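Scroll down for the structure; my scribbles are underneath it.
Number of protein chains: 2
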Amino acid sequence: DNTWMSRHLGLMRWVVTALIGVGTGLVAVFIDVFVKYLSDLKYSTVSDSILVCKKDGCLVLSLLILLGFGAGFVLIASILVAIEPIAAGSGIPEIKCYLNGIKVPHVVRLKTLLSKAIGVLFSVSGGLFVGKEGPMIHSGAIVGAGIPQFQSITFRKLNFNFPYFRTDRDKRDFVSGGAAAGVAAAFGAPIGGVLFSLEEGSSFWNQMLTWRTFFCAMCATFTLNFLLSGLDYQQWGALDQPGLIDFGIFDRCEKGKTTNCDPWTALDLLVFIVMGFVGGLLGALFNFLNTKLTIYRMKHLGSRRKFVRVLEAILIVMVTASIAFGAAMTLGQCKKLPSSNAQEADNRFVPWSSNVSSGNGTEVTFFCQDGYYNDMATLFFNSQEIAIKELFHEAGKFSLQSLGIFFGLFFLLACWTYGAMVPSGLFVPCLLCGAAYGRIVGNILNEYTGFANISNIYSGTFALIGAASFLGGVVRMTISLTVILIESTNEISYGLPIMVTLMVAKWSGDLFNKGLYDIHVELKGLPLLGWEPPRKMDRLRAHQIMETRLTYIYPHTRVRSLISILRTTQHHAYPVVTENLHTSAAAAAAPPNSADTAVASKNILYKRESTLSRSDEQRQRSSSVRSVEMLRVHRMSRLAADYNLARNRHDSAENTEDWDRVSLRTDPSGYPSWLADVMSLDDNEDTRDDCRPLTFHGVILRSHLVMLLKKKVCYAENTSSLCQEELSYGELTEDYPRFQDIHDIDINAINHNKIMDVTSFMNPCPYTVSPETPVSKVFNLFRTMGLRHLMVINSCGEVLGIITRHNLTEEFLEEKLEFYGDAPHHCRNSDADSTATPSH
Amino acid sequence: DNTWMSRHLGLMRWVVTALIGVGTGLVAVFIDVFVKYLSDLKYSTVSDSILVCKKDGCLVLSLLILLGFGAGFVLIASILVAIEPIAAGSGIPEIKCYLNGIKVPHVVRLKTLLSKAIGVLFSVSGGLFVGKEGPMIHSGAIVGAGIPQFQSITFRKLNFNFPYFRTDRDKRDFVSGGAAAGVAAAFGAPIGGVLFSLEEGSSFWNQMLTWRTFFCAMCATFTLNFLLSGLDYQQWGALDQPGLIDFGIFDRCEKGKTTNCDPWTALDLLVFIVMGFVGGLLGALFNFLNTKLTIYRMKHLGSRRKFVRVLEAILIVMVTASIAFGAAMTLGQCKKLPSSNAQEADNRFVPWSSNVSSGNGTEVTFFCQDGYYNDMATLFFNSQEIAIKELFHEAGKFSLQSLGIFFGLFFLLACWTYGAMVPSGLFVPCLLCGAAYGRIVGNILNEYTGFANISNIYSGTFALIGAASFLGGVVRMTISLTVILIESTNEISYGLPIMVTLMVAKWSGDLFNKGLYDIHVELKGLPLLGWEPPRKMDRLRAHQIMETRLTYIYPHTRVRSLISILRTTQHHAYPVVTENLHTSAAAAAAPPNSADTAVASKNILYKRESTLSRSDEQRQRSSSVRSVEMLRVHRMSRLAADYNLARNRHDSAENTEDWDRVSLRTDPSGYPSWLADVMSLDDNEDTRDDCRPLTFHGVILRSHLVMLLKKKVCYAENTSSLCQEELSYGELTEDYPRFQDIHDIDINAINHNKIMDVTSFMNPCPYTVSPETPVSKVFNLFRTMGLRHLMVINSCGEVLGIITRHNLTEEFLEEKLEFYGDAPHHCRNSDADSTATPSH
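Here is the structure:
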């Protein structure tokens, strides 16, 4: 039965994965088709007006129509974002955080998907310099999170009874699959998608998960390919459109026919390295400007003043359209259409066309005479994907001057746009901007040095490398970006130059700032954990960064205390501990062979300890209630519900002498004092009174405790815990993913004097570390195992503190390092006195 | 200074990585060039003889010359393997084990590289049905292991003073880079190479390591590409040959010109699924036959009878050549050369040619009249890479009958060959065999059903899918194989069919047996850990699989005891423990604020405990000395050098009563007894006497202990451990990778009565688990963190046992499951009595 169930689940997992892939593909098709439709609508209307106005001289009207379309579309986009603010931007920072293990509210909701997917249609077709790829990845992630639930918070009626995969881990796995599918659909790069989700998310190489993710990405590519081939070319069943963005075919000419036939030669690598360096610098500049702008926005256009931000978005699109129009009018050059396109020139009587021609690109005539086209307008008024293709493939089409102006304007406008209140991807604008930069380099080399014997493909290579270097300089991704670009070009031999360029660009950019996504994550204050801890942090130890003020519970706790703990703290998990000295000794003194007696003695024990009045509890706990101030260093002073009373009781008992002797036995630091060559000399006496040794037994989640209370799982004082109701794991987690908190349940329904035995619901074997563990090791454990909390346990099994994600953020570590760093670090066990953290 | 050093090391790491890539590329070029040269030599000689003999009718002589060449070449190959037996086979199982964390002797030695790289030249050009790709991956791994050392064991004079990267971890990282470079060079698949080393080795996604590995693979591809383009086409600087094996260009014809232009359509996926299923079955059959053969070889042609195995290899090549010759003579069909090749037919007057023509293939005339070729001979007497290309691209070239006969013969011969005493890859033979199978399916569909409107490319698609399915059925790799095949075809749109085929093939093959590499690993008895623990093992807990007979040492141990422990045990690591009851209590009773007193009391303590005579020690330890019998379940009975004496001393002391009381305090199971609802009822009394609680403090490696002894790091009884010499980590590991054992050092040079303080040399914070941890969690920790040993620590900080790789092998777990499995598993803490393992 169990095997059948697990097989069934395994199969379901694959089916759901396939569904996610198909779903993501459908969303991508939806976005692509409607972007095309809306852009066509806009450009054809404007074209018609120009045709009319050419004679009447009412060009201003055409411009106004263009601006009106832009403003209207962007208004829709930004209103959608105003409804669901997390839909703004590319969504990649949010997905990164989610895969990193941070719960960002609303990030994977259906409402967000709708805002994002519909919003990006309008922001792209409105004419903003934004991409649809980032939002597509975010959409994929939401599809990944949503489909396995078969229910929705936004639409409560969407609720099929499908109670599987209701854990954070499963959800994260599916989200990572969805993100990979998003990349696969956006770039036609399934392998790149898998590597993207590996790079950003799961630091643990899980073979089956990776394989499923790959399958998911393949399904998305297939769906997109199948549908777009059918819709665009009317060839159902053929598969001609692997991704939304493709870089066209880098034709390799036949050997011997032309002189310079290779896409690149070994010598060019040197040029690529220089280009990568400069691209990294440009990217760093982009990031710098955008950071300043974002900080300004956060200060002055806070999230509350949505109206202002909507206006800003509209302003951006109007400025963008005006500048593009003006620049193309005044600075663009009319060039002759290449003869190979002559047969297509017939249907070029409309000044603009955003249809994909069967060749690699589409030139825009834009007031040039017949047979000529405006090079600047070709860049500005094509869709960005087509402009990239033009830059990658059509040699000699663009004058150096036009390229330079285009690059400058685009750079600034794209920088202004990213962070506005619209869904906005970053990939394609960066690629286009970088491609212009690469073409500039290629043209300069060709014209002024004669270094490069420019052929079509050769100049395209420079554009490709330029695009890679600038994008790399902005986002600073490594492996996945390389593979995405290789797959998009569909030419493996570009692998090495792309890789080298990205390496150099990342390196030179990192001299100045971080990647743009990371900057935005930081500005939002999310505790993202990087791949590796900063190297200088190696000097810190676990006990130096742990949170020592713990709120803990006992294995058998009175319901009253539990409720009080839950109401006054906000922790997500509580260690389950026992005081390991007298209490256990007393209990163990009972004949251990008799189960009944043991149970009885245990109950008695708790009876004694639990008779604490509510007000006492509140008073005692008040000092431990903290939520935000986690960053401060406290002297170790543990506090728990039933703690002080138990202590007083014992102190007043006749075995005081015994207590003193045994408490001497174990140094609170966890290291038996006789082991350390150098003893801790400061305030040993003070702390001893404060910190009783607490043996650690397990961890229980807040949500589980609340659920247990809700289900009234407890037993009466005079019975044994064997009478306590059993609760399956499924029942315990049935509210996933939105658990009720203690304030939502009716606490009067449960008898506050009953006792709850949590031992069968806690995690009895969480990962733990010793206080001397270097921070890098803690960090690795967190990243690799996807932990949210980690107990620090000394060698006697006593809990000393807890490490959460907040204790591993760079800011926190740096603060700690400042605090401890300059003190000489004894290599021996001199810092074994982990509790002796000086107060401040 | 420290920052500078770490930056310097970081840079060195990149430089070394690049060197490894280049080195691997050079080895690949060497192999490729010489294989071509030797094959040319062989075939041209035989051709000449045929030209002569055609008239004289001395065909037998030609056959004899062919056989002679084959026998001679294979003799050389197998003699090289006889010298270094680990060079036999493909080397992938060995590399897999190495990356998995198992030390296989000789696997990454320079001697092995020479045997392998030279041997594979001769085994391939001798005419055996073996590939050079597996050996190339192995060679890359050896280059990766060797270059960072800048020294060699085989040639001791090769020793530059380069003392970095002398840890197992660094070495493993470089080996994984080298293996990736090997894949990249062999298949022109750098991404596939990275995924290969991720899949087989590092289960931990380390961003920087992956990025470096990728760079290494790129360097290898570049080197190979650069050199081969220069050597083969005389176009230095151009880059036309990305990998040794490439599948040719799957041309996509222009839309509209031909009717069926797509490489595949959505409907074909169904056919591919069936093909994958059958391919998996064929692969399973191949594995089954090869397993039987390997077992037979192990039984009857053990490794000692090298002479017989050399003869076997020669027999194989002679049979292979004769069968191929005979089959081509009698069963091959003469077919007309396609007109497109007419211009090349001029220089076809030699019956055989193994040169790569500029097209996709090379036909072999083989006694057919001019303008005709023999289809069977084209398959048998081309190099396998070319034969694969022929099958992938030239439609209608091969008759169904020839394909069928070829498939059958090749299948059996390749199966016989793999495992013979020559270096022999498996990839290319499987691809060729599978391609024939795919062509058969394509031909049948074409001829009998009319389902497939076969064009050139379409029939090539079937061959490709057939190749993928058969290879997938044999090796059962998933992600990396998919990516390797996608990269080799250089056509992203084949991604989905290849992936689906491989999935189905793996699934259908897994119904019967494992992948061939895993089978060979198992037959060699290496404890490889898979990706995931078998699901049914979830019922086992850490305490059920741990080894409970520990050999441990104290923080301060007398040298005599240490030597004795090292001489009588073979463990690689020893836990450092203290008895946590009286001893520590007594020590702690000293005023803890005075460092001097603490040290003094500690020394006294050890003085008392260490006065054990040598013979006593031996006698006591004799029962614990075990090496191979790890698989047996023992009752927990810990034993250590100084243990019993200390106990006796204490028992006889006046504090016996105290001892009894406190030993009651803690149940030996680690779970305070009052916590368990159901007490352990059996032999609680017996075990208590036997198992004293030992507080765990750290782990020290055997190699470090030996080095400490060699360096005489210890202090005299009447001094403090502060007088003990310091030793840096570099000094501690200077003998890496071949540490001396205790038997190699002069133990008389050290005063046996001195005491060694190991606290500063041990690892004070190794990963530990609680006894209740499920085996799957233990397994994940092992795999993810690359552990070799893991301590099981109860909640009181006492060591209960140790888990090593052997305790996680499938056989061991199955034995344990049989032992514990059917017993009802109490979900509560009823099995907390981890020590109470029934005796047998």
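Protein chains in written order, with this note's numbering: chain A, 21 to 860; chain B, 21 to 860.
The C-beta atom is built at its ideal place from N, Cα and C for all residues, glycine as well.
Remember, it's a predicted structure, so these values are computed and weren't measured experimentally.
Margin query: Can you pull the chain A neighbours of Met238/B, defined as C-beta to C-beta under 7 angstroms?
Written below: Met238/B reaches chain A at Gly515, Leu516 and Met519, counting residues in chain order whose Cβ is nearer than 7 angstroms.
Item checked: N- and C-terminal bounds of the beta strand (DSSP E) containing Met18/A -> The displayed coordinates of chain A run from 21 to 860. Any statement about residue 18/A would go beyond what the structure contains.
Notebook entry, point to check: If you run the structure through DSSP and keep just helix, strand and coil, what is Leu570/B?
Noted result: In the displayed model, Leu570/B falls within coil according to three-state DSSP, outside both helix and strand.
Check: Taking buried to mean at least 16 other C-beta atoms within 10 Å of its own C-beta, is Asp761/B buried or exposed?
Finding: The residue in question, Asp761/B, is exposed, as its Cβ has fewer than 16 Cβ neighbours within 10 Å.
Margin query: Considering just the uninterrupted stretch of the beta strand (DSSP E) at Leu810/A, what are its terminal residues?
Written below: His809 to Ile813 is the span of the beta strand (DSSP E), which, as asked, contains Leu810/A.
Note to self: At 3 residues or longer, what runs of the beta strand (DSSP E) sit wholly inside the segment 734-788 of chain B?
What the structure shows: Within the segment 734-788 of chain B, the runs of beta strand (DSSP E) that reach at least 3 residues and sit entirely inside it are, in chain order, 775-777.
Next item on the list: Check the DSSP bridge columns for Thr715/B and list the partner residues they point to.
Entry: Thr715/B is bridged to Thr598/B and Glu818/B.
Margin query: Assuming Arg578/B is part of the beta strand (DSSP E), what are its boundary residues?
Written below: Where Arg578/B is concerned, the enclosing beta strand (DSSP E) stretches over His576 to Arg578.
Check: With a cut-off of 9 angstroms, does the C-beta of Pro554/B fall near any C-beta of chain A?
Finding: Contact with chain A is absent for Pro554/B, since none of that chain's Cβ atoms lies less than 9 angstroms from the residue's Cβ.
Notebook entry, point to check: Where does Thr824/A sit, in a helix, a strand or coil, going by DSSP?
Noted result: It is a strand residue.
Note to self: For Phe759/A, which residues in the same chain have their Cβ closer than 6 angstroms to its Cβ, ignoring the five residues on either side in sequence?
What the structure shows: For Phe759/A, the CB contacts under 6 angstroms within the same chain, skipping 5 residues up- and downstream, are Ser723 in chain order.
Note to self: Can you give me the C-alpha to C-alpha distance between Val819/B and Cys816/A, rounded to a whole angstrom?
What the structure shows: If you take the alpha carbons of Val819/B and Cys816/A, they lie about 10 angstroms apart.
Item checked: Leu546/A (DSSP reduced to helix, strand or coil) -> Coil.
Notebook entry, point to check: Can you find a CB in chain B that lies within less than 9 angstroms of the CB of Gly208/A?
Noted result: Closer than 9 angstroms: yes.
Margin query: Rounded to the nearest angstrom, what separates Lys116/A and Val719/A at their Cα positions?
Written below: Between Lys116/A and Val719/A, the C-alpha separation is close to 27 angstroms.
Margin query: Against chain B, with Cβ distances strictly below 9 angstroms, would Cys816/A count as a contact?
Written below: It does: the Cβ of Cys816/A has a partner Cβ on chain B nearer than 9 angstroms.
Notebook entry, point to check: If you count every other CB in all the chains shown that lies within 10 Å of the CB of Met25/B, and 16 or more means buried, which is it?
Noted result: By the 10 Å Cβ count, Met25/B comes out exposed.
Next item on the list: Mind listing the chain E neighbours of Leu218/A? Cutoff is C-beta to C-beta under 8 angstroms, in chain order.
Entry: Absent from the structure: chain E. Protein chains present are A and B.
Notebook entry, point to check: Taking the continuous beta strand (DSSP E) assigned at Arg394/B, which residues delimit it?
Noted result: Per the sequence shown, the amino acid found at residue 394/B is Asn instead of Arg. First-last of the beta strand (DSSP E) with Asn394/B: Tyr392 to Asn394.
Item checked: Contact residues within the segment 769-785 of chain A, judged by C-beta distance below 9 angstroms to chain B -> If the cut-off is 9 angstroms between Cβ atoms, the segment 769-785 of chain A has Asp777, Thr779, Ser780, Pro784 and Cys785 near chain B.
Check: Since Leu721/B sits in a beta bridge, which residues does DSSP pair it with?
Finding: Looking at the DSSP assignment, Leu721/B forms a beta bridge with Ala593/B.
Next item on the list: Measure the alpha-carbon distance for Gly450/B versus Phe430/B and round it to whole angstroms.
Entry: The identity of residue 450/B in the sequence shown is Cys, whereas the question assumes Gly. One C-alpha to the other measures close to 9 angstroms.
Item checked: Gly445/A, DSSP secondary structure in three states -> In the structure shown, the three-state DSSP call for Gly445/A is strand.
Checklist line | Below-9 angstroms beta-carbon distance, Ala562/A vs any chain B residue | finding: At least one chain B Cβ lies under 9 angstroms of Ala562/A.
Checklist line | Through-space distance from Val124/A to Tyr118/A, alpha-carbon basis | finding: Approximately 7 angstroms between the Cα atoms of the pair.
Checklist line | Beta-carbon neighbours of Thr498/B, restricted to chain A and to distances below 7 angstroms | finding: Here the neighbours are Trp231.
Check: Below 8 angstroms, can you find three or more Cβ-Cβ pairs linking the segment 553-568 of chain B to the segment 783-791 of chain B?
Finding: At 8 angstroms Cβ cutoff, the stretches touch.
Next item on the list: May I have the straight-line CA-CA distance separating Arg33/B from Asn783/B, to the nearest angstrom?
Entry: Put simply, the backbone Cα of Arg33/B is about 25 angstroms away from that of Asn783/B.
Notebook entry, point to check: Mind listing which residues of the segment 536-554 of chain A have their C-beta closer than 9 angstroms to chain B's C-betas, in chain order?
Noted result: Cβ contacts with chain B: Gly550, Trp551 and Glu552.
Checklist line | Partner residues on chain A for Val789/B, Cβ-Cβ distance less than 7 angstroms | finding: In chain order: Cys785.
Notebook entry, point to check: Among all the DSSP beta bridges, which residues are the ones paired with Pro794/A?
Noted result: Its beta-bridge partners are Arg561/A.
Item checked: Test: Thr568/B CB closer than 9 angstroms to a CB of chain A -> Cβ-Cβ to chain A under 9 angstroms: no for Thr568/B.
Next item on the list: Determine, using beta carbons only, whether Thr233/A and Ser217/A come nearer to each other than 9 angstroms.
Entry: Cβ distance < 9 angstroms, so Thr233/A and Ser217/A count as in contact.
Margin query: Taking 9 angstroms as the threshold (C-beta atoms), are Gly303/B and Phe490/B in contact?
Written below: In contact: Phe490/B and Gly303/B (Cβ atoms closer than 9 angstroms).
Check: Where Ala200/A and Gly212/B are concerned, what is the direct C-alpha to C-alpha distance, given to the nearest angstrom?
Finding: Between Ala200/A and Gly212/B, the alpha-carbon positions lie close to 18 angstroms from each other.
Next item on the list: Mind reading off the beta-carbon distance from Val55/A to Val442/A? Whole number of angstroms is fine, and I expect it under 8 angstroms.
Entry: Their Cβ separation, rounded to whole angstroms, is 14 angstroms, which puts Val55/A and Val442/A out of contact at 8 angstroms.
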